[in-house]
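Worksheet: the structure to be examined is printed underneath.
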Amino acid sequence: MNEIKVSAERDYVVSFPSSWRPRFNELIANRSFAVIVPEPISSQIKDVVDPSRLILTSDGESQKSIDSYGSILEKLALMGLDRSSLIVGIGGGATTDLAGFVAATYLRGVDWVAIPTTVAGMVDAAIGGKTGVNLTSGKNLAGAFFSPHEVVIDTNWLSTLSDRDIRAGLAEAVKCGFISEPKILDLVTDWKRNLTEIIALSVGVKAGVVARDFKESHEREILNYGHTLGHAIEKHSGYSLRHGEAVSIGMCFAAELSVKLSGLSGSIAEKHREILQALDLPVTYSATAFDALFDLMRSDKKRGAGGLRFVTLKALGATDRATASRELLNECYLKSVGR
Ligand code: GLY
Numbered sequence: 589m590n591e592i593k594v595s596a597e598r599d600y601v602v603s604f605p606s607s608w609r610p611r612f613n614e615l616i617a618n619r620s621f622a623v624i625v626p627e628p629i630s631s632q633i634k635d636v637v638d639p640s641r642l643i644l645t646s647d648g649e650s651q652k653s654i655d656s657y658g659s660i661l662e663k664l665a666l667m668g669l670d671r672s673s674l675i676v677g678i679g680g681g682a683t684t685d686l687a688g689f690v691a692a693t694y695l696r697g698v699d700w701v702a703i704p705t706t707v708a709g710m711v712d713a714a715i716g717g718k719t720g721v722n723l724t725s726g727k728n729l730a731g732a733f734f735s736p737h738e739v740v741i742d743t744n745w746l747s748t749l750s751d752r753d754i755r756a757g758l759a760e761a762v763k764c765g766f767i768s769e770p771k772i773l774d775l776v777t778d779w780k781r782n783l784t785e786i787i788a789l790s791v792g793v794k795a796g797v798v799a800r801d802f803k804e805s806h807e808r809e810i811l812n813y814g815h816t817l818g819h820a821i822e823k824h825s826g827y828s829l830r831h832g833e834a835v836s837i838g839m840c841f842a843a844e845l846s847v848k849l850s851g852l853s854g855s856i857a858e859k860h861r862e863i864l865q866a867l868d869l870p871v872t873y874s875a876t877a878f879d880a881l882f883d884l885m886r887s888d889k890k891r892g893a894g895g896l897r898f899v900t901l902k903a904l905g906a907t908d909r910a911t912a913s914r915e916l917l918n919e920c921y922l923k924s925v926g927r
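Quick note on this note's numbering: the sequence shown kicks off at 589 and runs consecutively.
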């Protein structure tokens, strides 16, 4: 079984077993545990997990509410879980974010294991110890940095996903390619054949960044490449676009900004469009949406004091930071979306 080590406030591994089932049984051996899982996935784990240990959530982002978080804590208490117990989150990024935050706060912190079932979960959400829930005022406004005990990646889960979900998740892998590991950009041209390698390389990129800057004081920000506009587009689209689809558009925009402000060559900006379009990911958005998107970006929690600050690229695999005026952002946006 291959492993990638992550060093954060504690060391842990991302394991790649051929099936999550035996690894799950080893991890829960001789300890009490609870499994937090969305209801639609629960039928796929019935053969392994004792139903009395299951805590079912709703599917998608709605499970990351304060209400569902509170009700899970109450259930753990009723189940009698103690400080030596284990919490396991099985699902996409919303589930592992929620399970991690539950683990961070139940009895002031108990061990937890993430078993991501989506590409986005495997390459991004489950790695790096960011846990949290949403408030009415915004996404991820309550949370904790709290690393798991292990992340178990079994790519067999992906056979249950739609092509659209896989491609959207691959946007985060493409991001890892541009910011740090260009080999990923070659592998995604034949992603069906190379999926496991793409995921492992992306995990390696994230593990390295997190080890150097766990609490995002500077370097970890590079993982937000394409995300400032991406988050705004996700929201503006009423969440009709997947996170990765919005990030795909956001990366094309960040590349234009990089050409203007960080000296990136136009050919690398073009490479963004080529690779993302080949994955059937969107690269443009409404040309008239800039004003609304600008307001959404300004209210994003990552705004800098002196203007909007973006992660940019100087070259393939070399990141930079740039602060841009509204006028320049508008110009790059229109160029990026094709006007
Ligand atoms: N998803 C970005 C990060 O984990 O920092």
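Virtual Cβ for every residue (Gly too), placed ideally from N, Cα, C.
Next on the checklist: Quick check: what's the CA-CA separation for residue 697 versus residue 690?
Outcome noted: The residue labelled residue 697 in the question sits at position 109 within the sequence shown. The residue labelled residue 690 in the question sits at position 102 within the sequence shown. Cα to Cα, the separation comes out at about 8 Å.
Item to check | Run of the alpha helix (DSSP H) containing residue 900, from where it starts to where it stops | outcome: Counting from 1 along the sequence shown, the entry for residue 900 is found at position 312. No alpha helix (DSSP H) holds residue 900; the beta strand (DSSP E) holding it covers 896-903.
Checklist entry - Identify the residues that DSSP records as bridge partners of residue 621: which are they? => result Translated into the one-based positions of the sequence shown, residue 621 becomes position 33. Residue 621 is bridged to 674.
Item to check | Validate contact between the region 658-674 and the region 706-723 using beta carbons, cut 8 Å, 3 pairs | outcome: no
Next on the checklist: According to DSSP, simplified to helix, strand and coil, what is residue 663?
Outcome noted: In the sequence shown, counting from the first residue as 1, residue 663 sits at position 75. Residue 663: helix per DSSP, three-state reduction.
Checklist entry - Are there 16 or more other CB atoms within 10 angstroms of the CB of residue 838, so buried, or fewer, so exposed? => result The count along the sequence shown starts at 1 and reaches residue 838 at position 250. By the neighbour-count rule (16 or more Cβ atoms within 10 Å), residue 838 is buried.
Next on the checklist: Run through the DSSP bridge pairs and tell me what residue 644 is partnered with.
Outcome noted: To locate residue 644, count along the sequence shown from 1; it is residue 56. For residue 644, which the question treats as bridged, DSSP gives the partners 625.
Item to check | Unbroken alpha helix (DSSP H) run spanning residue 807, endpoints | outcome: As a first step, residue 807 must be located in the sequence shown, where it is residue number 219. No alpha helix (DSSP H) contains residue 807, which DSSP labels as neither H nor E.
Next on the checklist: By the DSSP assignment, the alpha helix (DSSP H) with residue 823 in it spans what residues?
Outcome noted: Along the sequence shown, read from residue 1 onward, the residue named residue 823 stands at position 235. Looking at the DSSP string, the run of the alpha helix (DSSP H) that includes residue 823 is 815-824.
Checklist entry - If you follow the beta strand (DSSP E) that residue 766 is part of, which residue opens it and which one closes it? => result Sequence index remark: in the sequence shown, residue 766 carries index 178 (1-based). Not the beta strand (DSSP E): residue 766 falls in the alpha helix (DSSP H), residues 751-767.
Item to check | Segment contact, 8 Å Cβ cut-off, at least three pairs: the region 608-617 with the region 728-742 | outcome: yes
Next on the checklist: Does the distance between the C-beta of residue 642 and the nearest non-hydrogen atom of the ligand GLY fall short of 7 Å?
Outcome noted: Looking up residue 642 in the sequence shown gives position 54. Residue 642 Cβ: outside cutoff for every heavy atom of the ligand GLY.
Next on the checklist: Taking the beta carbon of residue 866 as the centre, do at least 16 other beta carbons fall within 10 Å, making it buried, or is it exposed?
Outcome noted: Walking along the sequence shown from the start, residue 866 turns up at place 278. Residue 866 is exposed by the Cβ-count criterion.
Checklist entry - Shortest alpha-carbon distance to residue 725 belongs to which of 788, 901, 884, 917? => result Start at 1 with the first residue of the sequence shown, and residue 725 comes out as number 137. Among 788, 901, 884, 917, the Cα nearest to that of residue 725 belongs to 884.
Next on the checklist: One question on the structure: do residue 910 and residue 898 come within less than 8 Å of each other, judged by their Cβ atoms?
Outcome noted: In the sequence shown, the residue the question calls residue 910 occupies position 322. In the sequence shown, the residue the question calls residue 898 occupies position 310. It is a contact, given that the beta carbons lie within the stated cut-off.
Checklist entry - Roughly how many angstroms separate the alpha carbons of residue 602 and residue 592, rounded to a whole number? => result Position 14 of the sequence shown, counted from the start, is the residue given in the question as residue 602. Position 4 of the sequence shown, counted from the start, is the residue given in the question as residue 592. Residue 602 and residue 592: Cα-Cα distance of roughly 5 Å.
Item to check | Cβ pair count under 8 Å reaching 3, the region 712-732 against the region 782-799 | outcome: yes
Next on the checklist: Any heavy atom of the ligand GLY inside 7 Å of the beta-carbon of residue 677?
Outcome noted: In the sequence shown, counting from the first residue as 1, residue 677 sits at position 89. The answer is no for residue 677.
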